[in-house]
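Trainee:
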Amino acid sequence: MNMFLKKGLFGLIIFCIAFFVVNQILFFESGALERFTTKVTYPVVFVASGVADFIQKRVEGRESYEQIKAELKLLNEKCDQFCEENIKIKALFKFDSDSKEICEFKERYNLDHMMGCKVLLKSLKKDGQFFLINRGSFNGIKKNMVGIYKFQILGKITEVHDYYSKLTLITDEACKVAAFASSTNANGIVIGQNQKNCCKMHYVSHLLDIVDNDMVLSTGRGLVFPEGFCIGKIVNHSHSHNSLYHDIDIEPLIDFKTIKYCLLTDLSQTCSAAKFDMMDNNQTNTDDLLNNPSTSSEPGACNQTSDEKTSENQE
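Under my numbering, the residues of the sequence shown are numbered 4 to 318, in order.
(1) Name the DSSP bridge partner or partners of isoleucine 352?
(2) DSSP puts glycine 131 in a beta bridge; with which residues?
(3) In this structure, how does DSSP classify glycine 235 when only helix, strand and coil are distinguished?
(4) So what's alanine 21 in DSSP terms, helix, strand or just coil?
(5) Isoleucine 194 lies in the beta strand (DSSP E); which residues open and close that run?
(6) My output table needs one value for serine 186: the three-state DSSP class, helix, strand or coil.
(7) Using 8 Å as the threshold, is the region 199-206 in touch with the region 156-171, meaning 3 or more CB pairs across them?
(8) Would you kindly work out how many angstroms separate the C-alpha atoms of leucine 15 and isoleucine 58, rounded to a whole number?
(9) Mind reading off the beta-carbon distance from isoleucine 136 to tyrosine 167? Whole number of angstroms is fine, and I expect it under 8 Å.
(10) Just the Cα atoms here: how many angstroms apart are threonine 287 and leucine 226?
(11) Report yes if the CB atom of valine 149 is closer than 8 Å to the CB atom of phenylalanine 134, and no otherwise.
(12) Please classify cysteine 201: does DSSP put it in a helix, a strand, or coil?
(13) For asparagine 188, which of Ile173, Asp217 and Leu172 has the nearest alpha-carbon?
(14) By the three-class DSSP mapping on this structure, what secondary structure does tyrosine 248 have?
(15) Indicate the three-state DSSP secondary structure (helix, strand or coil) for serine 299 in the structure shown.
(16) Grab the span of the beta strand (DSSP E) containing lysine 146 for me, first residue to last.
(17) How is leucine 220 classed by DSSP in three states: helix, strand or coil?
(18) Is there at least one non-hydrogen atom of the ligand HEM closer than 7 Å to the beta-carbon of aspartate 252?
(19) Between valine 180 and asparagine 79, what straight-line distance do the alpha-carbon atoms span, to the nearest angstrom?
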């Protein structure tokens, strides 16, 4: 009996389910059960949709983040490369602008025996006035080589090391230069005072005339400093009645604090080169005269010489 009831109940349930399914398929009408089911399932569907959208956005954002990160890395590499090239260009431009005047001066006057160098350190103190330059014995630097900026004498090399050297300035009290005033030809010795851009010209006789703003040039005596280079200009001079010499203040034409590059020259090489050039010119002129005895630099010079010889013979 119980088995019969169980089978009947199970069959009834199956029938109801089948009837419900067929009714929903063939004769679908929203009823209370459907409305209740939709009300119950709507929050679940809404939350599931939101969660799905959130997960999809996170996945897309993750992919976009990785892509942006890769693009950022590439852009950073390009930026570093451009910065490196920009730094190189700026460094070359700075070097070109700083050394342009020196290069133009060297090309203009064809100073083959001069060597360009960079100023590493400046000391313009009372205990010493000097530059440290980036040239040493490995570059052929020797003692007593002269530092020049344009036609302004800076000083001379007093210490030489392997990779750098010490250039003692003319404003140092240990530096002495034989010089003369260009207008009055008054000779003396320029000695530094261990003061910035300040020298004094000593041993100038009180019998000689001195003019302010007159240029002071090197005489070339002493076999250290070349002849004809500027030392500075006379900014002040005085003379006391009980002294035999003028008191002359000299200021270099260039502010030593602004110098970044300079040229070095050796007076012995310069003199030797000038001597050889003179010998070459004399040899060339002699060869020209031997090859063309009738020619001369001035018209009628040979005829004038022959006329003079004839007149001397007649006398």
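Yeah, the Cβ is synthetic: ideal placement off N, Cα and C, and Gly gets one too.
Mentor: According to the structure data:
(1) Nothing about residue 352 can be reported from this structure: the residues present for the chain run from 4 to 318 only.
(2) Lys128
(3) Strand at glycine 235.
(4) It is helical.
(5) 190-198
(6) coil
(7) no
(8) 45 Å
(9) Confirmed, Cβ separation roughly 6 Å.
(10) Annotation note: pLDDT 45 at threonine 287 (below 50); position unreliable, coordinate value reported separately. When rounded, the distance between both Cα atoms is 29 Å.
(11) Cβ distance not < 8 Å, so valine 149 and phenylalanine 134 don't count as in contact.
(12) If DSSP states are grouped into helix, strand and coil, cysteine 201 belongs with the strands.
(13) Asp217
(14) strand
(15) Annotation note: pLDDT 36 at serine 299 (below 50); position unreliable, no value reported.
(16) Looking at the DSSP string, lysine 146 is not in any beta strand (DSSP E), and its letter there is neither H nor E.
(17) strand
(18) Of the ligands one can find in the structure shown there are none, so the ligand HEM has no counterpart to examine.
(19) 58 Å
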